[in-house]
Each structure stands twice: as C-alpha cells, then as structure tokens.
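Asker: For the sequence shown, position 121 (counting from the first letter as 1) is numbered 120 according to numbering that gives the first Met the number 0, and the numbering increases by one without interruption.
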Amino acid sequence: MNSEEIEKLKKAGEIAQMIIPYAKGFIKKDMLLLEIAEKIEKKIEELGGKPAFPVNTSINHVAAHYTPSIDDKSTAKGLLKIDFGVHIDGYISDNAFSLNLEHNENNNRLIHAAEEALKNVLNEINSKMSFSQAGEIIQKSIMKHGFAPIRNLSGHGIAPYIIHAGKTVPNYDNKNDNVLGEGYYAIEPFATNGNGSVHEGGESGIYALIKKKPVRDELARKIIQFIEHNYKTLPFCSRWIVKEFSSRALFSLRILEQNGIIKHYPQLVEDGGGIVSQAERTLYISKDEVILC
Numbered sequence: 000m001n002s003e004e005i006e007k008l009k010k011a012g013e014i015a016q017m018i019i020p021y022a023k024g025f026i027k028k029d030m031l032l033l034e035i036a037e038k039i040e041k042k043i044e045e046l047g048g049k050p051a052f053p054v055n056t057s058i059n060h061v062a063a064h065y066t067p068s069i070d071d072k073s074t075a076k077g078l079l080k081i082d083f084g085v086h087i088d089g090y091i092s093d094n095a096f097s098l099n100l101e102h103n104e105n106n107n108r109l110i111h112a113a114e115e116a117l118k119n120v121l122n123e124i125n126s127k128m129s130f131s132q133a134g135e136i137i138q139k140s141i142m143k144h145g146f147a148p149i150r151n152l153s154g155h156g157i158a159p160y161i162i163h164a165g166k167t168v169p170n171y172d173n174k175n176d177n178v179l180g181e182g183y184y185a186i187e188p189f190a191t192n193g194n195g196s197v198h199e200g201g202e203s204g205i206y207a208l209i210k211k212k213p214v215r216d217e218l219a220r221k222i223i224q225f226i227e228h229n230y231k232t233l234p235f236c237s238r239w240i241v242k243e244f245s246s247r248a249l250f251s252l253r254i255l256e257q258n259g260i261i262k263h264y265p266q267l268v269e270d271g272g273g274i275v276s277q278a279e280r281t282l283y284i285s286k287d288e289v290i291l292c
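1. Which residues in the same chain as glutamate 187 place their Cβ atom closer than 6 angstroms to its Cβ, once the five residues preceding and following it in sequence are excluded?
2. Do phenylalanine 52 and glycine 89 come within 7 angstroms of each other at the CB atom, strictly closer than that value?
3. Using 10 angstroms around the beta-carbon of glutamine 138, count the other beta-carbons present and answer buried if the total reaches 16, otherwise exposed.
4. At which residues does the beta strand (DSSP E) containing alanine 190 begin and terminate?
5. Let me know the beta strand (DSSP E) ranges lying completely inside the region 64-99, each 3 residues or longer, listed in chain order.
6. Could you give the first and the last residue of the continuous alpha helix (DSSP H) run that contains tyrosine 21?
7. Using the three-state DSSP reduction, which class does valine 54 fall into: helix, strand or coil?
8. Please confirm whether isoleucine 39 and valine 54 have their CB atoms less than 7 angstroms apart.
9. If you compare alpha carbons, which of His86, Tyr65, Gly145 and Glu101 is closest to alanine 112?
10. Quick check: is any heavy atom of the ligand FAD less than 6 angstroms from the C-beta of asparagine 151?
11. In whole angstroms, give me the CA-to-CA distance for serine 140 and phenylalanine 250.
12. Does phenylalanine 130 come out as helix, strand or coil in the three-state DSSP assignment?
13. Leaving aside the five residues before and after lysine 286 along the sequence, list all residues of the same chain whose C-beta is less than 7 angstroms from its C-beta, in chain order.
14. Use the C-beta contact count for glycine 47: other C-beta atoms within 10 angstroms, 16 or more gives buried, fewer gives exposed.
15. Kindly provide the ranges of any alpha helix (DSSP H) runs that are 4 or more residues long and lie completely inside the region 203-290, ordered along the chain.
16. Can you give me the C-alpha to C-alpha distance between glycine 195 and asparagine 106, rounded to a whole angstrom?
17. Return the CA-CA distance between alanine 164 and tyrosine 183, expressed in angstroms with no decimal places.
18. Report the rounded CA-to-CA distance for proline 265 versus alanine 207, giving the unit in angstroms.
19. Determine the DSSP secondary structure at isoleucine 136, reduced to helix, strand or coil.
20. For valine 268 versus histidine 198, is the C-beta distance shorter than 7 angstroms?
21. Should glutamine 257 go down as buried or exposed, given a rule of 16 or more other Cβ atoms within 10 Å for buried?
22. Just reading off the alpha helix (DSSP H) that glutamate 34 is part of, what are its end residues?
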C-alpha cells in the first residue's frame, strides 16, 4: 500500500474508533435493532466515511450476519454483537464489539475472553508471526476462561472494496506455519460456551454483487446499476435497497439472487445453541510496523 492508501485506511480507522464509544453510549436493552443500525450508519457518514457493510446486530447464539430489515421490530437484549465497517474510497476498517444487556456474569466473561484474545494477538503480531501462532494465541486466551473459540469463523485479509480477501487468520492453532507477512487484516476472535462451530441459519437480508449479467426485470436492472454505483463489491442489505426503490425491490432482489447476480449471506448460528461474543480490529502490517486502523 502506498502512503495515500494508508492515509485513507487510517482515516477509516479513526472514524471507526469514534463510532465505538458513540454506539456504546446510546445502546440500551429493548431498543429497536433497526434504530441502532441506522444511528451507527448515519454517524459513520456524518464523520466523513461510508458504511463498508450493513451494521450487524447479532444476539446470543447468532454469531454474525444479522442486520435488521426495513420494518424490523426486533429489540436489543442478551449478548449483543455490533459488527460494523467504515470505508474511505474502498479502504476498509472492520470492527466489532460486544455488549452485555442482561447484567449476566457469564456474558461478561464471554465478552472479556474475546476482547482479551484480540488484545493478546495485537500485542504480539508482526510480519513474521505465522497464522498458526496467531490462532494459538486466540485459542489459549479464550480457553483460559473456560470457553471455546469458534473454529469455522476467522479473521481475514481485506482489499479495496473487498471485505474478505484471500488469507484467513484462524481462531485456533490450525498448524499453518506460513507467516502473515506484509498485509491488511481484520483479527476477529469469537468466544462461546457452546460447541465452537457455526452453521448457516435464517435469512439476513445481507447481499453482495458477484456477477453482472442481463436480466429481464426492469427494476432489477436499475437495482444492479444502483449497487454498482454505491457499493461495488461491498455487502449491502435489503433495507438500503427498499429505502431507494420501495418494497417492490424485494421481489427484484429474489430475481437477482436466483440468477446468480447477487449472493445472500445467511445468519451464522452456534451449533450447540451457545452464547457467542465477538471482538474485532483492523490492522496493516508492514515489514517495520503494525498500524491499527
């Protein structure tokens, strides 16, 4: 990455770090998830960034990929995970934090386990660290608290306008001795009191454009143009599309999905019904330094 690209990434990270205390300051139990997501997304834009993907508001056993729909009446409760991204011209800062809205001690321990795992990796990470070493730090940090890391969720490489790119950073020792090297990563520990794996659950309303090709439906064609212009290859949600095109767009989204033009990201649910916590931070690793973003 050149100096201009790094500055854009740093700016995205600065906005993200302002979002976290802002969100923690207003989120309360029984608040509409829709209100939470829209307030965060609006604040990102007010601060000069753009959402890199729809704000995820996943609760308890749902580990990831829940964003409220346009008329969602779901409310905040339990262990709430806020996963959000900020981008400047496609340079993304991907972040997550967890909140205990029940004053439940087990939830507090789960949150601490994920946060400590993230902190421990960030304290040691460098270009010569191997993927297995990063995973081992996360695994040991979480297991020390009596919980399990989620093994089939991971940190990930990032590229301009691509939220999951190339390499994955495991949440356990996967015996991959290749080194991280120079790169742009999100480190993303998940801790659970369940089985330590997730499966695909219900619909999330989160999509991404994967292939442009002809489609007969006129509204669907307009939606493709809108997605290309506003999101490129970044994830978007039905809520954003309905706001622009009305509820008729939901049918067109189905057409686009059936034709393989967009893909849907299902909710990710803990296999054993366990409660899940999450922590995440983005960084850029060069030969000489690590830049938190």
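Here a beta-carbon is modelled for each residue, glycine too, at the ideal position from N, C-alpha and C.
Answerer: By the coordinates alone:
1. If we look at glutamate 187 and ignore the five residues flanking it on each side, its Cβ neighbours are Gly154 and Glu279.
2. Taking 7 angstroms as the Cβ cut-off, glycine 89 and phenylalanine 52 do not qualify as a contacting pair.
3. The residue is buried, with at least 16 neighbouring Cβ atoms inside 10 Å.
4. That run of the beta strand (DSSP E) goes 189-191.
5. The beta strand (DSSP E) runs of length 3 or more contained entirely in the region 64-99 are, from start to end of the chain, 78-87 and 90-99.
6. Per DSSP, tyrosine 21 belongs to the alpha helix (DSSP H) from 2-25.
7. The answer is coil: DSSP assigns valine 54 none of H, G, I, E or B.
8. A contact, by the Cβ cut-off of 7 angstroms.
9. Closest by alpha carbon: Gly145.
10. Ligands are entirely absent from the displayed structure, and the ligand FAD is therefore not among its contents.
11. Put simply, the backbone Cα of serine 140 is about 45 angstroms away from that of phenylalanine 250.
12. The three-state secondary structure of phenylalanine 130, taken from DSSP, is helix.
13. Its chain contains Ser126 and Glu181 as the residues whose beta carbon lies nearer than 7 angstroms to that of lysine 286, once the 5 sequence neighbours on both sides are disregarded; these appear in chain order.
14. In the assembly as shown, glycine 47 is an exposed residue. Its beta-carbon has fewer than 16 other beta-carbons within 10 Å.
15. Fully enclosed alpha helix (DSSP H) runs of 4 or longer: 217-229, 237-244 and 248-257.
16. Each residue's alpha carbon lies about 16 angstroms from the other.
17. Whole-angstrom Cα-Cα distance: 9 angstroms.
18. The C-alpha of alanine 207 is placed about 12 angstroms away from the C-alpha of proline 265.
19. Here DSSP, grouped into helix, strand and coil, assigns isoleucine 136 to helix.
20. Yes, Cβ-Cβ distance for valine 268 and histidine 198 is below 7 angstroms.
21. Exposed is the call here.
22. Note, glutamate 34: alpha helix (DSSP H), 32-45.
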